[in-house]
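Asks: Numbering (the working numbering), first residue to last: 713 to 945.
We put the CB at the ideal spot given by N, CA and C, even for glycine.
Remember, predicted model here, so these are calculated numbers, not experimental data.
Take a look at this one; I'll ask things after.
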């Protein structure tokens, strides 16, 4: 569990037109046993290799309270920031990159936070930033690579009722992408990188939807997300 901290990110900066941003006690909404979203077993709903790039995972969104927020999740290097910005532009919603928001609020990079203060401290800051970001509606929110696997974050996101989209990409491809950058705090040793990738997969598979980014242009990935019609009519 996360420790309490007095540190909190500065006010979020978003791009694009801002929608109504009403503060809500999202995590304190009464639970309805008939509509409450429950976690499915890891891997539930997955198809064999070679399946189309879009897969529906998790609990049907028709059983959730509708919100004009969409969470993008996935491993480092899958394209969350790029795709999130393009998706927000298409929807004419604000875009919030959680990692970028944290860096702006703390005045330092995530790599430096890991190196100087440790991962537990960063996770406290990350959770506070997630709660603040979720007050914005409508919004496309790109989560950090490890955000969704932290229990407090996972439970909070489930409570919001907002849809989650896992941007999936094979290990070899994300490794090549990350090798071209030096701002990945958890990308050091190839063996550790592969282990971390495999450890996080079961958590990513609990997202509502899976959309592949392997060998697909970001604009096409956005088209595939829009075809999901996650908010219904």
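How close, in whole Å, do the beta carbons of residue 865 and residue 842 come, if the pair is a contact with beta carbons under 8 Å?
Replies: As a first step, residue 865 is located in the chain shown; it is residue number 153 there, counting from the start. As a first step, residue 842 is located in the chain shown; it is residue number 130 there, counting from the start. Right, their Cβ atoms sit about 6 Å apart.
Asks: Which full runs of the alpha helix (DSSP H) of 4+ residues lie inside the stretch 816-873, going along the chain?
Replies: 822-829, 831-845 and 863-872
Asks: By the DSSP assignment, the beta strand (DSSP E) with residue 877 in it spans what residues?
Replies: Taking the first residue of the chain shown as 1, we reach residue 877 at position 165. Element bounds for residue 877: 876-880.
Asks: Please classify residue 870 as buried or exposed, where buried requires at least 16 other C-beta atoms within 10 Å of its C-beta.
Replies: Sequence index remark: in the chain shown, residue 870 carries index 158 (1-based). The residue is buried, with at least 16 neighbouring Cβ atoms inside 10 Å.
Asks: Can you name the residues that DSSP bridges to residue 924?
Replies: For the purposes of this step, residue 924 is identified with residue 212 of the chain shown, where counting begins at 1. DSSP output for residue 924 lists 880 as bridge partner(s).
Asks: Would you please state the rounded distance, in angstroms, between the beta carbons of residue 905 and residue 887? I believe it to be under 8 Å.
Replies: As a first step, residue 905 is located in the chain shown; it is residue number 193 there, counting from the start. As a first step, residue 887 is located in the chain shown; it is residue number 175 there, counting from the start. With a Cβ gap of about 6 Å, residue 905 and residue 887 count as contacting.
Asks: Please report the residue range of the alpha helix (DSSP H) in which residue 904 lies.
Replies: In the chain shown, the residue the question calls residue 904 occupies position 192. Segment 902-916, the alpha helix (DSSP H) holding residue 904.
Asks: Assuming residue 837 and residue 814 make a contact with CB atoms under 8 Å, what is their CB distance in whole Å?
Replies: The residue you call residue 837 lines up with position 125 of the chain shown. The residue you call residue 814 lines up with position 102 of the chain shown. Residue 837 to residue 814, Cβ: 6 Å. Contact.
Asks: With distances taken between CB atoms, is the gap from residue 931 to residue 798 smaller than 8 Å?
Replies: For the purposes of this step, residue 931 is taken as the residue at position 219 of the chain shown. For the purposes of this step, residue 798 is taken as the residue at position 86 of the chain shown. Yes, the Cβ-Cβ distance between residue 931 and residue 798 is below 8 Å.
Asks: Judging by CA-CA distance, which residue of 839, 832 and 827 is the nearest neighbour of residue 811?
Replies: What you label residue 811 is simply residue 99 of the chain shown in a count that begins at 1. Nearest option by C-alpha distance: 839.
Asks: Could you spell out the range, first to last residue, of the beta strand (DSSP E) harbouring residue 784?
Replies: What you label residue 784 is simply residue 72 of the chain shown in a count that begins at 1. Looking at the DSSP string, the run of the beta strand (DSSP E) that includes residue 784 is 781-785.
Asks: Is the beta carbon of residue 835 closer than 8 Å to that of residue 934?
Replies: Taking the chain shown and counting its residues from 1, the one referred to as residue 934 is at position 222. Taking the chain shown and counting its residues from 1, the one referred to as residue 835 is at position 123. Result no, Cβ atoms of residue 934 and residue 835 do not sit closer than 8 Å.
Asks: My understanding is that residue 784 touches residue 854, with C-beta atoms under 8 Å, so please give their C-beta distance in whole angstroms.
Replies: By 1-based counting over the chain shown, the position of residue 784 is 72. By 1-based counting over the chain shown, the position of residue 854 is 142. Their Cβ separation, rounded to whole angstroms, is 5 Å, which keeps residue 784 and residue 854 in contact under 8 Å.
Asks: Here's the rule: buried if 16 or more other CB atoms are within 10 angstroms of the residue's CB, otherwise exposed. What is residue 792?
Replies: Mapped onto the chain shown, residue 792 falls at position 80. By the 10 Å Cβ count, residue 792 comes out buried.
Asks: State the Cα-Cα distance for the pair residue 891 and residue 788, rounded to the nearest angstrom.
Replies: Sequence index remark: in the chain shown, residue 891 carries index 179 (1-based). Sequence index remark: in the chain shown, residue 788 carries index 76 (1-based). Their Cα atoms are separated by approximately 11 Å.
Asks: To which residues of the same chain is residue 794 closer than 6 Å at the C-beta, ignoring the five residues directly before and after it?
Replies: What you label residue 794 is simply residue 82 of the chain shown in a count that begins at 1. Cβ within range, chain order: 930.
Asks: Closest to residue 903 by CA distance: which of 915, 884 and 918 is it?
Replies: The count along the chain shown starts at 1 and reaches residue 903 at position 191. Taking only the C-alpha atoms, the option nearest residue 903 is 884.
Asks: Whose C-alpha, out of 820, 916 and 874, is nearest the C-alpha of residue 779?
Replies: Indexing the chain shown from 1 puts residue 779 at position 67. For the residues 820, 916 and 874, the minimum Cα distance to residue 779 belongs to 874.
Asks: Measure the C-alpha to C-alpha separation of residue 941 and residue 806 and round it to an integer number of angstroms.
Replies: Reading the chain shown from its first residue, position 229 is the one you call residue 941. Reading the chain shown from its first residue, position 94 is the one you call residue 806. Between residue 941 and residue 806, the C-alpha separation is close to 18 Å.
Asks: Among 916, 822 and 830, which has the Cα closest to the Cα of residue 790?
Replies: Here the question's residue 790 lines up with position 78 in the chain shown. When each option's Cα is compared against that of residue 790, the closest is 916.
Asks: Ignore the nearest five residues each way along the sequence and tell me which others in residue 831's own chain have a CB closer than 7 Å to its CB.
Replies: Mapped onto the chain shown, residue 831 falls at position 119. None.
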